[in-house]
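Engineer: Going by the numbering used here, the sequence shown opens with residue 11, and the numbers climb by one from there. All residues carry an ideal CB built from backbone N, CA and C; glycine is no exception.
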Amino acid sequence: MSKLSQNAVSDLQQKVEAACVDQEAGIPGAVVVVVGKDGKELFSHAGGKRGYGSTEPMTLDSIFWIASCTKMITGIACMQLVERGLLKLNDSVQVEKLCPELRDVKVLQDDGKLVEKKRGITLRMLLSHTAGFGYTFFNEKLRDFSKPVGYDEFSGLEYDMLQPLVHQPGEGWQYGINIDWAGTLLERVTQSTLDSYCQKNIYQPLGLKNISMKPNKDMLGNLAHMNYRAPDGKLSGRDHLLRRPLIPDDKHSDSFLYSGGAGAFAKPQEYCQILATLLNDGTSPTTGAQLLEPATVSSMFQNQISSFPNFGRQVIPAAKPELTNRIPELYPIAGNGPQGWGLTFMLTEGGTGRSEGTAQWAGLPNLWWWCDREKGVAGIICTQILPFADAQVDWHDPEEFLNPLPLIDSSSDWLNAIGNQARHEDNLGAFPTRPLRHGSWSQPSSDFGSLETGNDYYECDDATNPVTTSTEYGSQPESLNLSFEDPSAVHNGRRRRKSRTQQLWPDSEPSLLSRLDLSESTSRHFMTNGLLRIYHDSMENALSCWLTEHNCPYTITTQRISPIRGSQSEHGTMREWGSTWSNRIYSRVCHLDRAYSSFRSRPLTRNEEGMASKALNLAVLSFASQWAQAGDRSINPPTARGSHHDAGLGNSADAFPMSDEFGRSMQETLWHQASGMLHEAAGIESFRVIFALIVFSLTQRPLDMAQTTSQKPVFRELQDIIEADGPPLFLELGLRQVFSCRRKLEYREIQTGWLHSERVGRKHDPLQPQDRETFNLLFWLGVMFDTLSAAMSHRPLVVEDEDTMARTKSCEDVPHRIPDVSEDHTRTGEWDELSALESRLPDELWGDRFLRVKTHTAKPTRWPCYYQLAASTLSDAAPVKVLLFRRVARLQALISRKADTTQLESAITETLHVYDYWNRVYGPFMLDCVAYHDELPPRIQSWYILLAGHWHLATFLLADLVEDIDNANLSQSTEHRARQCSRFVTKLRQENAHAVSQLSRSSLHGSQGRSFTKAREFHFAVNNSALLTEPWTAVLIRSFSRAGYILAEAAIAESQRTFVQQADHGCDSCIEALWVLGKKSDMACLAARFLSKMLSQPRANNLSPTATDYFQTSMSSEKRYSGRNSLHSSFSTSDDESPFDTAFSELPVEQGFGLDSISNDSILDLQSYSVLGDTIIDEIGSSSSPWASQYYATPQFEHSNSLLFANGT
């Protein structure tokens, strides 16, 4: 291939250096070398240090243990002997004669028993990993068999080679010590060591002096250090794994086995000369030495295992976690097409333009090489980090190092990078564009993630462009076309099919995309990779907290998480709560869809399969494109009141912050593509379609800003803004489908007798346990979103209460042991057996089931605490939040059904019971999180803000309903009077509004420079603020909008300066939060503009008559009872001030949520509420309603409100 330009080389060098900046949790050091067919280096660079804690720089002369990259060298050596007739590929008799150990080897079965093998082992089997040998660190069955002594494949001892097979020879693919045995064959037929043979027949002919299985003194002087990455991402130094060859002057150096599978140490530049020889069909382009005949090289690159096309998709477990991470798929590719294995290496293609049949493989300490004979380019990336499959090296998109795009520092740069690079580079791309084969069709990938790995959205290149289409939809991939379709091409929910792609801009103005000089595959890869990362960092991050086996009422798993003691069943959840997490729900839904195939009345057609996958992938990309905002929206949010217009809301009140043309066009196009595809795919019975509908329902439609012409900041305008997305049609369609699937599964269970297995004797669940749990998680996800959506939009629930009940089968399996009540159930932070048992007993889902989780614990969780305890507390709080929304929705339904006053008051009581429970159990922890925001781990910051934002919105909805009930005289008179006297609705609104404003302040103005922006866990388009991790943006917009409006109204209605300042500052904080959300939401920008206009206009015009009357009524009712208690005089400064006003006015303007700040002020609140309580009791006397005397005038009400009131102002 042609030489890279200097700018492209410079950009690549910056990428390598940037990857090695963080010496505590990044890559300590790396070397990247790329060569062409002529053997000349296209790129070579070393970055970072020789190892963790080292002051010496990594250099191009550094020596690496290349581990399994050795296999290719051993393969060349063996094929040389095949050419000479000394070895035969298919002669098992020869193999077992040279190695009698292979004649007697047994096969290890799954039950742990050894059986005889059925056939002999050949050299071809050894070189293609079909002989049956494994690695103990990749195979749990083999690892367990070797206990208690164990096998150490790097010891150099013969004992560790005498392992059983894990499958019959030739009947499967298993990566292991097969090529070590091939090296032993070579040694026995040549009567020399493997290292000596390679020195004479490979390294010396190529002029290589720094590759050896026994490094000399000079090589040892340049040896790179070995490093270890702990589960929390931190680095440390560790000993080399292969130690025997590194011991100087070892007297027993000839007695240990030279490992043909992992024994070489090499200088990367010299290793690339071997790759260049393969590029030239076996002849060195630099020395002219011929190592192999061209026909032999071609045979090495032929697929040897065509009968195992999915060999790379079998999960490789982390059998020894200190050596490897879990690998769900070796190298995913779009369409899940067949992959192959040559003689010692993998054959696959890739999304950056690599040819089909490109060879590649990796090394245990995270090295990776490839060799593309068709394109004439090869290279290697070298690091020394254990365990294998490190998220920042090989499985963190290694080809990103070879993607010659500039470093991206901000979200605005992200979208402009491609255009900028195109304008400065004439020759870009390490790989030319691979033309699409006409008429070819590749089945859309069912999975771009995995269940366990972190950052797996870019584990491979083509996985980051997972959407391809059948010929019916054209030959171009439509997931992220370089020429976007005109949104007008979508009409009435259906795409107009056209013979060409439409331009988004007028013909008179050339499209930015039409000026791109980058290859289509490279630019698509770059953009889609970023979008999938955003989906991962938002949706999957939130679902890690909201949706787990331990907080889902339907899951089979009944054991709750112990914050102190870990167990094997908890490790999966804990991995999802760590600093790296997987696309868990996406992957499991795709797997469930495959498992569900037997339940369908007919198999999906090829076209339906393609549409289902495309619908899901387009929904994901459209969802993520909300963050693709540059232009004015990328400016930092305003930090002071009065700066909103200057800082991004435009020079006038009606101006709107603009996105750049590219980002806006991509967002609009993807939205319309996804919408059209979902309309077409809606009738397909597929969980991929269901999940796509759910994901897309959270995606806000780009708004036409020209239609927002309201002139007055009235409440109706704010309502119009937050309802701009329209009814949740996609969500409701997805919910009906998943509910229909549940009915079908239940009917199948009845048919098979699974639910009553003790009667019929048939005990097989129609679904596998993991698929059953996945369905339960998906159904619970739908129920949660249905609940929030119905409450927010005042629409009926799609799935009614009686249809959400938990299945009884899992309850039948629970041991019926009631713990002794005298047992200790009060150990702080642990889930006791009683609460765990209660949570599993049959119970009405929307009763008190979620309120019993921590009933028996001694104290609520407080920060600081263990990370696991903090995560589990927030996870347990998630369904309690849903319960409050559910009870709000039930209250809405009762009003609609014209229920009597008793039912309404009972429903209010039940709803306030949830409110009180949250404030007692989770409220203190939420207050701690706000007070210590910058000290929290990034994911805890994200989770608590999202949960709290949702929770406060539910309280606003509750306040609205109670007010509506009272105003419409639907309540009982005693309760109505009690609420009016206590200013219940006013206080509930204001206290939660101030709490919401504090969420904004803590997340945007932390004491340590906004620590979230420094989080490595999140994409730069997300980590500007924890607020931006919210997947359901509309929920936070509603929460901050309502809070801002409440505070603005409160400031207008009040006359005290201190109170006005507090309300103004609180409203400013809400506007600022909305502006941050405006980075991905038109609705948020409009809401911020509305509130800003409201604050800037004369105050007499701001209030609607209803709001004015409301405040006058509330204030007059309070004044009516002022001065009737002796405590009142100690707090009031005049006859016109209530105890509430006085206590409020004495709080500092910038009151925080810290523990120090609430100790004194909360006493004031409790006392003032006591005054109100005494007044109410005096007024209503002994004939008062039991409910009023039991709630409004009791410590429950005082405590629930004082927690927020004392600390939210």
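Give the range of the beta strand (DSSP E) segment to which residue 257 is assigned.
Structural biologist: Run containing residue 257: none; DSSP gives neither H nor E here.
Engineer: Who are residue 237's beta bridge partners in DSSP?
Structural biologist: In DSSP, residue 237 forms a bridge with 247, 395.
Engineer: Suppose you measure from the CA of residue 28 to the CA of residue 17; what does that come to, to the nearest Å?
Structural biologist: The alpha-carbon atoms of residue 28 and residue 17 are separated by roughly 16 Å.
Engineer: Compare the C-alpha of residue 903 against each of 114, 802, 982 and name the closest.
Structural biologist: Among 114, 802, 982, the Cα nearest to that of residue 903 belongs to 802.
Engineer: How about the segment 335-345 and the segment 34-49: do they share at least three Cβ pairs that are nearer than 8 Å?
Structural biologist: Touching, no, given that fewer than three Cβ pairs across the two stretches are closer than 8 Å.
Engineer: If you follow the beta strand (DSSP E) that residue 369 is part of, which residue opens it and which one closes it?
Structural biologist: 368-373 is the span of the beta strand (DSSP E), which, as asked, contains residue 369.
Engineer: Below 6 Å, is the gap between the Cβ of residue 780 and the nearest heavy atom of the ligand NAD?
Structural biologist: Only the bare structure without any ligand can be found here, which leaves the ligand NAD out of the picture.
Engineer: In chain order, which continuous runs of the beta strand (DSSP E) of length 3 or greater are located wholly inside the segment 196-242?
Structural biologist: Listed in chain order, the complete beta strand (DSSP E) runs (minimum 3 residues) inside the segment 196-242 are 236-239.
Engineer: Pull up the CB-CB distance for residue 688 and residue 638, whole angstroms please, since I reckon it's below 8 Å.
Structural biologist: 20 Å between Cβ atoms; not a contact.
Engineer: Which ranges does the alpha helix (DSSP H) cover as unbroken runs of at least 4 residues, wholly within the segment 1012-1077, from first to last along the chain?
Structural biologist: As far as the segment 1012-1077 is concerned, its whole alpha helix (DSSP H) runs of at least 4 residues are 1043-1063.
Engineer: Where does residue 322 sit, in a helix, a strand or coil, going by DSSP?
Structural biologist: Here residue 322 sits in helix by DSSP.
Engineer: How is the beta strand (DSSP E) around residue 152 delimited, first residue to last?
Structural biologist: First-last for residue 152: 150-156, but that is the alpha helix (DSSP H), not the beta strand (DSSP E).
Engineer: Measure the Cβ-Cβ separation of residue 271 and residue 151 and say whether it is below 7 Å.
Structural biologist: No.
Engineer: Could you give the distance in angstroms between the alpha-carbon of residue 812 and the alpha-carbon of residue 746?
Structural biologist: Roughly 15 Å between the two C-alpha positions.
Engineer: Go through its chain and collect everything with a Cβ distance to residue 1209's Cβ below 6 Å, but skip five positions before and after it.
Structural biologist: Because residue 1209 sits at a pLDDT of 44, beneath the cut-off of 50, its placement in the model cannot be relied upon, and the point is left open.
Engineer: Among 885, 922, 862, 882, which one has its Cα closest to the Cα of residue 897?
Structural biologist: Here the closest residue by C-alpha is 922.
Engineer: Closer than 6 Å by C-beta to residue 57: which residues in its own chain qualify, once you throw out the five before and the five after it? Chain order, please.
Structural biologist: Here the set comprises 26, 27, 30, 40.
Engineer: Any idea what DSSP makes of residue 37, helix, strand or coil?
Structural biologist: Of the three classes helix, strand and coil, the one that applies to residue 37 here is coil, per DSSP.
Engineer: How would you label residue 615, buried or exposed, when you count the other beta carbons within 10 angstroms and need 16 or more for buried?
Structural biologist: Classification of residue 615: exposed, given that the 10 Å Cβ count is below 16.
Engineer: Check for me: the beta strand (DSSP E) holding residue 381 runs from which residue to which?
Structural biologist: First-last of the beta strand (DSSP E) with residue 381: 377-382.
Engineer: For residue 134, name the three-state secondary structure that DSSP assigns.
Structural biologist: In the structure shown, residue 134 sits in a helix (DSSP, three-state: H, G or I).
Engineer: Go ahead and pull the three-state DSSP assignment for residue 1008.
Structural biologist: Note: residue 1008 maps to helix in three-state DSSP.
Engineer: For residue 594, count the other beta carbons within 10 Å of its own beta carbon; 16 or more makes it buried, fewer makes it exposed. Which is it?
Structural biologist: Classification of residue 594: buried, given that the 10 Å Cβ count is 16 or more.
Engineer: Which of helix, strand or coil does DSSP assign to residue 272?
Structural biologist: The answer is coil: DSSP assigns residue 272 none of H, G, I, E or B.
Engineer: Which of helix, strand or coil does DSSP assign to residue 1104?
Structural biologist: Note: residue 1104 maps to helix in three-state DSSP.
Engineer: Using CA coordinates, which residue listed in 545, 694, 752, 158 is at the minimum distance from residue 633?
Structural biologist: Nearest of 545, 694, 752, 158 to residue 633, Cα basis: 545.
Engineer: Quick check: the Cα distance between residue 586 and residue 592, rounded to an integer number of angstroms?
Structural biologist: Distance between the alpha carbons of residue 586 and residue 592: 7 Å.
Engineer: Taking residue 604 as the reference, give the member of 682, 559, 696 with the closest Cα.
Structural biologist: The shortest C-alpha separation from residue 604 is found at 696.
Engineer: Label residue 385 either buried or exposed according to how many other C-beta atoms from any shown protein chain fall within 10 Å of its C-beta, with 16 as the threshold for buried.
Structural biologist: Looking at its Cβ environment, which holds 16 or more other Cβ atoms inside 10 Å, residue 385 is buried.
Engineer: Considering residue 892, what are the terminal residues of the alpha helix (DSSP H) in which it resides?
Structural biologist: It spans 877-906 - the alpha helix (DSSP H) in which residue 892 sits, taken as one unbroken run.
Engineer: Give a yes or no on whether the C-beta atoms belonging to residue 156 and residue 140 are separated by under 7 Å.
Structural biologist: Taking 7 Å as the Cβ cut-off, residue 156 and residue 140 do not qualify as a contacting pair.
Engineer: Rounded to whole angstroms, what's the CA-CA distance from residue 624 to residue 21? Just pull it up for me.
Structural biologist: Each residue's alpha carbon lies about 34 Å from the other.
Engineer: Could you tell me the alpha carbon to alpha carbon distance between residue 316 and residue 350, rounded to whole angstroms?
Structural biologist: When rounded, the distance between both Cα atoms is 7 Å.
Engineer: Would residue 797 pass as a contact of residue 931 if the rule is Cβ separation under 7 Å?
Structural biologist: Contact: no.
Engineer: Along the beta strand (DSSP E) that carries residue 117, what are the first and last residues, could you check?
Structural biologist: Counting along the chain, the beta strand (DSSP E) containing residue 117 begins and ends at 116-118.
Engineer: Where DSSP assigns a beta bridge to residue 54, which residues make up the other side?
Structural biologist: Residue 54 is bridged to 43.
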